[in-house]
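Here the structure comes first, spelled out in structure tokens, and everything after it is commentary.
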Amino acid sequence: QRARIRGLTNIRWVHDSLLNLPQLDLGRFDYIGCTGVLHHLADPDAGFKALRGSLKPAGAIGLMVYGTTGRTGVYQMQSLMRMVNGPPLDMQTEIANTRDILASLPKSNWFRRGEELYGDHKNGDAGIYDLLLHSQDRSYSVGELFDWLEGSPQGGGHGMHLEFTDVQRGRAPYLPHFVLGRSPPAMADKLRRLPRRRQYEIAELLGGDLVTHSAYVTPSASCTAPYGDAAYVPFFFHEPLTGEVLGRVFGANRGQRFVMQHEHSGTWVSVSPGKYSPQILRLIDGKRSFAEIFDQFRADWHGKSPAPDNAVLFADFAEPYEVLNALDRLLLKHPQADATAR
């Protein structure tokens, strides 16, 4: 229906099991989206192997699976309902029993305490069944996903590369200095220097609200657009503020570190704007490469000393870029991306 509304006629629809992908002779894909599927399979690893076998060498898989920590209350309720329902009953009886229990939960119940994190049970019988009565439902911690997908093949992993990104929040909920908010303790700087995996594991437990994990899975880290390559084009994504407005935000503190509130993702983070970020942000239009932006920056230069070269500008803009990129608000695209899309 969505394809019909948009007038898309070049789609081939195939209804089959994910596990049959190797036999369907569909070829290999640049991108595979797999949301909410693997965690309902009896053997999620078999499902991932089928996906990987259909991926091009430089392709990516967009993956979403359930998160253990954020769904703590859900799994307690699932255990509770298995006890209440006893031997398998008909679906409607199980749903009715669940409704009765939900209506009577004490305030101390962990599902009720965390109910703002999950809303499927408010979407009718199907939502109740999928959230609280599903017989095949497994979840993952950050560490388990790293072991499974990034771990070495010798240890049972797949040797892939993970780039986590939560809906509307990007990597922010996986970074302790974001999760700790507007008044982080002194140890936040130390946590920020920890290895990437350890930071993500800490943030997952700090925040406690990752009910799902979403990530781009690629054969290697080289599939990630590199900051520091002047040929790449920066662009704002899902960001209602323009470069001009962001330039004023980052320029208001005259180069001094400040705590930025990003209302649209609900996050607070300490950031050093550097000397040149206001001017750089104002020049980002989604069309100009960093090379062109920096050339324009130097053309507008009125300082007494020589204008900074690309290396200096990249270094100065690194922290503002990292903060906005972690929020999935400032991304990079390959200089040939638009031509390829056409």
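For the sequence shown, the numbering used here begins at 1 and goes up steadily by one. Note that CB positions come from ideal geometry on N, CA and C, so glycine has one too. Bear in mind the structure is a predicted one, so any value in this text is a computation, not a measurement.
Checklist entry - What residue does the alpha helix (DSSP H) around S265 start on, and which one ends it? => result Numbered from 1 along the sequence shown, position 265 holds the residue referred to as residue 265. No alpha helix (DSSP H) holds S265; DSSP gives it neither H nor E.
Checklist entry - Which stretch, first to last residue, makes up the alpha helix (DSSP H) that contains T93? => result Counting from 1 along the sequence shown, the entry for residue 93 is found at position 93. Its alpha helix (DSSP H) spans residues 91-103.
Item to check | Reference A215, options D25, G36, L26, closest by Cα | outcome: Here residue 215 corresponds to residue number 215 of the sequence shown, with the count starting at 1. Per the Cα distances, G36.
Checklist entry - What are the boundary residues of the alpha helix (DSSP H) that E292 is part of? => result Residue 292 sits at position 292 when you count from the first residue of the sequence shown. From DSSP, the alpha helix (DSSP H) with E292 extends over 290-299.
Checklist entry - Secondary structure at K275, three-state DSSP: helix, strand or coil? => result Locating residue 275 in the sequence shown gives position 275, where the first residue counts as 1. K275 falls in the coil class under three-state DSSP.
Checklist entry - Would DSSP call H213 helix, strand or coil? => result As a first step, residue 213 must be located in the sequence shown, where it is residue number 213. Three-state result, H213: strand.
Checklist entry - Helix, strand or coil: how does DSSP classify Y200 here? => result Sequence index remark: in the sequence shown, residue 200 carries index 200 (1-based). Here Y200 sits in helix by DSSP.
Item to check | First and last residue of the uninterrupted alpha helix (DSSP H) at I5 | outcome: Indexing the sequence shown from 1 puts residue 5 at position 5. From DSSP, the alpha helix (DSSP H) with I5 extends over 2-5.
Item to check | Minimum Cβ-Cβ distance from L51 to chain D less than 8 Å | outcome: The structure shown contains no chain D, having only a single protein chain.
Item to check | Among G170, Q279, K287, nearest to H302 - alpha-carbon criterion | outcome: Here residue 302 refers to the residue found at position 302 when the sequence shown is read from its first residue. Comparing Cα positions, the closest option is Q279.
Checklist entry - Do H158 and R52 come within 8 Å of each other at the CB atom, strictly closer than that value? => result Counting from one through the sequence shown, the residue named residue 52 turns up at place 52. Counting from one through the sequence shown, the residue named residue 158 turns up at place 158. Yes. Within cutoff.
Next on the checklist: Checking the sheet assignment: what are the DSSP bridge partners for M64?
Outcome noted: Counting from 1 along the sequence shown, the entry for residue 64 is found at position 64. According to DSSP, M64 bridges with T35, S214.
Next on the checklist: Do F237 and D328 count as a contact pair if the criterion is CB distance below 8 Å?
Outcome noted: Stepping through the sequence shown from its first residue, residue 328 is reached at position 328. Stepping through the sequence shown from its first residue, residue 237 is reached at position 237. Yes; because the gap between Cβ atoms is below 8 Å, this pair is in contact.
Item to check | Same chain, Cβ closer than 7 Å to G325, five either side skipped, listed in chain order | outcome: To locate residue 325, count along the sequence shown from 1; it is residue 325. Going by the sequence as given, residue 325 is Asn instead of Gly. Hits under 7 Å: L331.
Next on the checklist: Tell me the rounded alpha-carbon separation between R342 and V233.
Outcome noted: In the sequence shown, residue 342 corresponds to position 342, counting from 1. In the sequence shown, residue 233 corresponds to position 233, counting from 1. At R342, the pLDDT of 48 sits below 50, so the modelled position is not reliable; the number obtained from the coordinates is stated separately. Rounded to whole angstroms, R342 to V233 spans 17 Å at the Cα level.
Checklist entry - In terms of residue numbering, what span does the beta strand (DSSP E) encompassing F236 cover? => result Locating residue 236 in the sequence shown gives position 236, counting from the first residue. It spans 233-236 - the beta strand (DSSP E) in which F236 sits, taken as one unbroken run.
Item to check | Touching by the beta-carbon criterion (3+ pairs, under 8 Å), the stretch 64-73 and the stretch 199-212 | outcome: yes
Item to check | Rounded straight-line distance, which links the Cα of Y321 to that of Y227 | outcome: Here residue 227 is taken as the residue at index 227 of the sequence shown, counted from 1. Here residue 321 is taken as the residue at index 321 of the sequence shown, counted from 1. Each residue's Cα considered, the two are about 9 Å apart.
Item to check | Proximity winner among S108, A58, M260, relative to V269 (alpha-carbon distances) | outcome: Walking along the sequence shown from the start, residue 269 turns up at place 269. That would be M260, whose Cα lies nearest to the Cα of V269.
Checklist entry - Between the C-alpha atoms of L105 and S141, what's the straight-line distance to the nearest angstrom? => result On the sequence shown, residue 105 is found 105 positions in, with the first residue counted as 1. On the sequence shown, residue 141 is found 141 positions in, with the first residue counted as 1. Roughly 27 Å separates the two Cα atoms.
Next on the checklist: Looking at G86: is its Cβ nearer than 8 Å to the Cβ of F111?
Outcome noted: Working through the sequence shown from its first residue, we reach residue 86 at position 86. Working through the sequence shown from its first residue, we reach residue 111 at position 111. No; because the gap between Cβ atoms is not below 8 Å, this pair is not in contact.
Item to check | Residue from Q154, G155, F146 whose Cα sits closest to the Cα of E404 | outcome: Any question about residue 404 goes unanswered here, given that the chain covers just 1 to 342.
Next on the checklist: Suppose the cutoff is 8 Å on Cβ atoms and the five residues either side in sequence are ignored; what does the same chain contact list for D78 look like?
Outcome noted: As a first step, residue 78 must be located in the sequence shown, where it is residue number 78. Per the sequence shown, residue 78 should be read as Gln rather than Asp. L132, L133, H134, D137, listed in sequence order.
Checklist entry - Can you tell me the Cα-Cα spacing of R298 and E292, whole angstroms? => result Taking the sequence shown and counting its residues from 1, one reaches residue 298 at position 298. Taking the sequence shown and counting its residues from 1, one reaches residue 292 at position 292. Their backbone Cα atoms lie some 10 Å apart in a straight line.
Checklist entry - Is G286 near F317, with beta carbons less than 8 Å apart? => result Position 286 of the sequence shown, counting from 1, holds the residue named residue 286. Position 317 of the sequence shown, counting from 1, holds the residue named residue 317. Contact: no.
Item to check | Backbone secondary structure at M83 - three-state DSSP | outcome: Counting from one through the sequence shown, the residue named residue 83 turns up at place 83. Residue state, collapsed to three classes: helix.
Next on the checklist: Taking the straight line between their C-alpha atoms, what separation do you get for A103 and K49?
Outcome noted: Residue 103 sits at position 103 when you count from the first residue of the sequence shown. Residue 49 sits at position 49 when you count from the first residue of the sequence shown. Using only the alpha carbons, I get a separation of about 42 Å.
Next on the checklist: Using 8 Å as the threshold, is the C-beta distance between F250 and L281 below it?
Outcome noted: Counted from its first residue, the sequence shown places residue 250 at position 250. Counted from its first residue, the sequence shown places residue 281 at position 281. In this structure, L281 lies closer than 8 Å to F250 by Cβ.
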